[in-house]
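All remarks here apply to the structure that follows.
Numbering (UniProt numbering), first residue to last: 1 to 385.
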């Protein structure tokens, strides 16, 4: 019988990224696997009580897995452990199980520093790998201060980035009320005793958290680093973007490097055209009026069912200039009627549990515990149109 041991999600990511000859086998039901899985994984449904799924036998499993090392994963590590033990009984000697399963995979982060021409500006993109959530730490090296933008629920990841640079967090900002993940902004701000900021139209979303409203054109400073607030309604009414030192646009869910933000999550399917009209105006009268060399740093990147990023790779900067996006995104060249039709005719699947996530992010609901919060967020972000 093999010695079944656990591997961490960090070790799994290293194996996947390095192209190691290892088979990642996902033991969840097919519908869960097809919705969201580790890149390169194969699906072998397995139940701790009922064994292999329908249409499977162990000869087929052996054929699927090959002769090399096997890493098993499931939702929480339960069915994959039972599967790994069964493989051991059948003579497999190099089998491991991912500790915490896909729930832990959903909490894996990479940090990418943005190269700038400023000796003072520190700007880092914090990537939540499995969900494609992108948040930011913006700081002044000379002042030793930083602000956090779009922190996820694992907000300590952002605080650590600032601390590693010798900076203390003096403010926390969200671009909007998120629908795909629970924001860590209010909790981080409360714990540190610093202001939490949202766009002033957040009042229309019935936000119950204490926050400082931000108006269009308002500016604030972190040391000598200047940040300007740009109202950017469309994906949501209260959406704001943050222009850092006039060169770096933290665009939230307004503009991605592979698409634009969808509009029906707040407005509903029947009124998605209203949001699309607002987004068109935001893009053409505000965002695309900025200099072409402005670097767009979005709030998300689309993650495909197989775990691949739609742009760049995990651990690489997800970014593009406005000039590059003008050339690459046909959505930006459409007239308003065509744009609205494109955004409303064929919308992708909505983020899992998005209505409850919105309720949590406005302070109207609270998850019962860590496990329920994790389950609310399970799956990709699905924020792009």
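Ideal placement from N, C-alpha and C gives every residue a C-beta, glycine not left out.
Below-7 Å beta-carbon distance, residue 358 vs any chain C residue: Structure shown: chain C not included; a single protein chain is present.
Run through DSSP, which three-state label would residue 266 get? Here residue 266 sits in helix by DSSP.
Just to confirm the assignment, what range does the alpha helix (DSSP H) spanning residue 342 have? It spans 336-345 - the alpha helix (DSSP H) in which residue 342 sits, taken as one unbroken run.
For residue 17, which three-state DSSP category applies? In the three-state reduction of the DSSP assignment, residue 17 falls in the helix class.
Assuming residue 77 contacts residue 98 (C-beta within less than 8 Å), just tell me the rounded distance between them. Between residue 98 and residue 77 the Cβ distance is about 7 Å, and since that is below 8 Å, they are a contact.
Assumed close pair residue 225, residue 244 - CB separation to whole angstroms, cut-off 8 Å: Contact flag correct, Cβ pair sits at about 7 Å.
Inter-residue Cα distance where the pair is residue 12 and residue 51: The straight-line gap from Cα to Cα measures roughly 25 Å.
My output table needs one value for residue 381: the three-state DSSP class, helix, strand or coil. Coil.
Around the C-beta of residue 377, are 16 or more other C-beta atoms found within 10 angstroms, so that it is buried, or is it exposed? Buried, by the Cβ-count rule.
My output table needs one value for residue 209: the three-state DSSP class, helix, strand or coil. Here residue 209 carries a coil assignment [DSSP, helix/strand/coil].
How is the alpha helix (DSSP H) around residue 272 delimited, first residue to last? According to the DSSP assignment, residue 272 belongs to the alpha helix (DSSP H) that extends over 272-285.
Under 7 Å Cβ to Cβ from residue 47, same chain only, skipping five residues before and after it: list those, please. Excluding residues up to 5 positions away in sequence, 79 lie with their Cβ nearer than 7 Å to the Cβ of residue 47 in the same chain.
Run of the alpha helix (DSSP H) containing residue 30, from where it starts to where it stops: It spans 30-35 - the alpha helix (DSSP H) in which residue 30 sits, taken as one unbroken run.
What residues in its chain sit with their C-beta under 6 Å from that of residue 124, if we drop five residues either side in the sequence? Closer than 6 Å at Cβ, skipping near neighbours: 111, 113, 137, 161.
May I have the straight-line CA-CA distance separating residue 383 from residue 272, to the nearest angstrom? So the alpha carbons of these two residues sit roughly 14 Å apart.
Using the C-alpha atoms, what's the distance from residue 257 back to residue 217? Answer to the nearest angstrom: the Cα atoms are 24 Å apart.
Taking the alpha-carbon positions, what's the residue 189 to residue 207 distance? Taking the straight line joining both Cα atoms gives about 15 Å.
Same chain only: Cβ atoms within 8 Å of residue 58, ignoring 5 sequence neighbours per side: Hits under 8 Å: 52, 90.
What are the boundary residues of the alpha helix (DSSP H) that includes residue 79? Under the DSSP assignment, residue 79 falls in the alpha helix (DSSP H) whose first and last residues are 79-89.
Just how far apart, CA to CA, sit residue 2 and residue 157? Annotation note: pLDDT 49 at residue 2 (below 50); position unreliable, coordinate value reported separately. It is roughly 36 Å from the alpha-carbon of residue 2 to the alpha-carbon of residue 157.
Assuming residue 156 is part of the alpha helix (DSSP H), what are its boundary residues? First-last of the alpha helix (DSSP H) with residue 156: 156-164.
With DSSP as the reference, label residue 185 as helix, strand or coil. If DSSP states are grouped into helix, strand and coil, residue 185 belongs with the helices.
Looking at C-beta atoms only, is the number of pairs between the region 356-367 and the region 318-329 that lie closer than 8 Å three or more? No, because fewer than three Cβ pairs between the region 356-367 and the region 318-329 fall closer than 8 Å, the two stretches do not touch.
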